[in-house]
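Colleague: Residues in the sequence shown are numbered from 19 upward in steps of one, following the working numbering.
Have a look at this one.
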Amino acid sequence: MNKKKAFITGITGQDGSYLAEILLEKDYEVYGMVRRSSTFNRSRIDHLQGELELVYGDLGDSSVLNQLMRTIRPDEVYNLGAQSQVHISFDVPEYTADVVGTGVLRLLDAIREGDLHCRFYQASSSEMFGKVVEVPQRETTPFYPRSPYGVAKVYGYWITRNYRESYGMHATNGILFNHESPRRGENFVTRKITLGVGQILRGETDKLRLGNLDAKRDWGYARDYMEGAWRMLQQEEPDDYVLATNETHSVRECLEVAFGHAGLDWQQYVEVDERYIRPAEVDELIGDYSKAKAQLGWEPTVRFEELIRMMVDADR
Ligand code: NAP
Ligand code: G4F
19 MNKKKAFITG
29 ITGQDGSYLA
39 EILLEKDYEV
49 YGMVRRSSTF
59 NRSRIDHLQG
69 ELELVYGDLG
79 DSSVLNQLMR
89 TIRPDEVYNL
99 GAQSQVHISF
109 DVPEYTADVV
119 GTGVLRLLDA
129 IREGDLHCRF
139 YQASSSEMFG
149 KVVEVPQRET
159 TPFYPRSPYG
169 VAKVYGYWIT
179 RNYRESYGMH
189 ATNGILFNHE
199 SPRRGENFVT
209 RKITLGVGQI
219 LRGETDKLRL
229 GNLDAKRDWG
239 YARDYMEGAW
249 RMLQQEEPDD
259 YVLATNETHS
269 VRECLEVAFG
279 HAGLDWQQYV
289 EVDERYIRPA
299 EVDELIGDYS
309 KAKAQLGWEP
319 TVRFEELIRM
329 MVDADR
């Protein structure tokens, strides 16, 4: 029997690397789209070398997306590629809109133009809930994005639903709350903290500069969330699902767990630096994953404290 083919944008990122591992374990043929960069940035997928088919492309380039869809003809497409840093989206709002918003349209249209009958996963985000109008947030909670990134993700969410409703595409939104791991990008707050702990322990620095310590997030483990993304595309019908832990914790609590695990008092090292305060903030997120639990049989396996300790252990 022919193997199923999966195509992943954002394969060099945190989530792409976990998803690639999961799909290879399930015996998929995995294609990953990569961008040219001046230095090699494939450290998260180095261990999979030889098992993946890597192809060059960009969510800003529709001609390449069209050609890749026509030639590869995947069974499942996972759109994880994005300028995913919320604070940076205020610095590069137009670029963020193009890649995070219009990029989704380009990929959906390449699938439609190529007359593919594949399943499509869009990496939607809890950042769309922003200044929340309901607690906890679930699939039916109205959006109120607070950043150019969040606004672009709302476009990506709706164009995915629009192509599902207009063209009968099997197109699904995974509305994922924050998820972290030892592979998390170094400028997201959990990883910045656990890297900081490692540097302090090694005597490389004695300061960690952060922004808003009161912000609260629903933090889960990235590998769990990519297992959930795969399960979404195995459903007969396309739909939208929240993945979360239904717990919320502040940046301050993250500091307590991370520094505490290393036997340090965070208050001796952390300084608030205005440069990391955002023009508009998302104060508190907490997700209700009961639909994913009921329909996908999905549940988070790693909770907040275990997750942060795992990241400290990797960075120390
Ligand atoms: P990440 O580590 O920042 O990875 C982003 C990936 O997108 C990288 O592979 C990057 O490639 C690629 N990319 C950036 N610009 C691109 C472009 N113009 N064309 C094609 N690819 C491009 O992000 P992540 O944490 O794995 O998140 C994966 C997806 O889930 C993103 O869409 C993110 O917005 C979304 N999401 C993440 C979370 C979370 O908490 N992690 C929560 C909700 C939603 P390079 O390596 O070449 O830069
Ligand atoms: O770790 P963060 O940068 O993640 P944020 O903004 O919640 O976005 C992440 O999760 C989204 C899902 O909700 C994804 F869609 C998105 O792609 C990304 O993966 O910041 C978390 C909180 C914020 O409130 C921020 O203001 O931590 C606060 N924070 C405090 N000091 C900081 C810092 N964030 C960063 N990055 N760096 C700091 O020094």
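The beta carbon of each residue, even a glycine, is placed where N, CA and C say it ideally should be.
(1) With a threshold of 16 other CB atoms inside 10 Å of the CB of Arg293, please say whether the residue is buried or exposed.
(2) Indicate the three-state DSSP secondary structure (helix, strand or coil) for Ser56 in the structure shown.
(3) Less than 7 Å between the C-beta atoms of Gln155 and Gly246, yes or no?
(4) What does a CB cutoff of less than 7 Å around Ile114 pick up in its chain, not counting 5 residues either side in sequence?
(5) Helix or strand or just coil, what does DSSP make of Ile63?
(6) Can you tell me the Cβ-Cβ gap for Thr212 and Val104, rounded? I've got them flagged as a contact below 8 Å.
(7) For the alpha helix (DSSP H) that Lys171 lies in, which residues bound it at each end?
(8) Nearest to Asn97 by alpha carbon, out of Phe322, Cys136, Arg220 and Glu198?
(9) Would you call Met19 buried or exposed, if buried means 16 or more other Cβ atoms sit within 10 Å of its Cβ?
(10) Indicate the three-state DSSP secondary structure (helix, strand or coil) for Thr190 in the structure shown.
(11) Spatial neighbours of Asn205 within its chain, please: CB distance less than 7 Å, with the 5 preceding and 5 following residues excluded, ordered by chain position.
(12) Among Asp76, Ile29 and Asn84, which residue has its Cα nearest to the Cα of Arg60?
(13) Rank Asp333, Asp301 and Tyr185 by C-alpha distance to the C-alpha of Gly214 and give the top, closest one.
(14) Could you have a look at Val82 and say whether DSSP puts it in helix, strand or coil?
(15) If you scan the segment 60 to 147 from start to end, which runs of the alpha helix (DSSP H) of 4 or more residues do you find wholly inside it?
Modeller: Result, derived from the coordinates:
(1) exposed
(2) coil
(3) no
(4) The amino acid at residue 114 is misidentified as Ile; the sequence shows Thr. Here the set comprises Gln101, Ser107, Pro166, Tyr167 and Ala170.
(5) coil
(6) That belief does not hold up - the Cβ atoms of Thr212 and Val104 are roughly 19 Å apart, past 8 Å.
(7) Pro166 to Tyr185
(8) Cys136
(9) exposed
(10) strand
(11) Gln103
(12) Ile29
(13) Asp333
(14) helix
(15) 80 to 90, 104 to 109, 111 to 114 and 121 to 131
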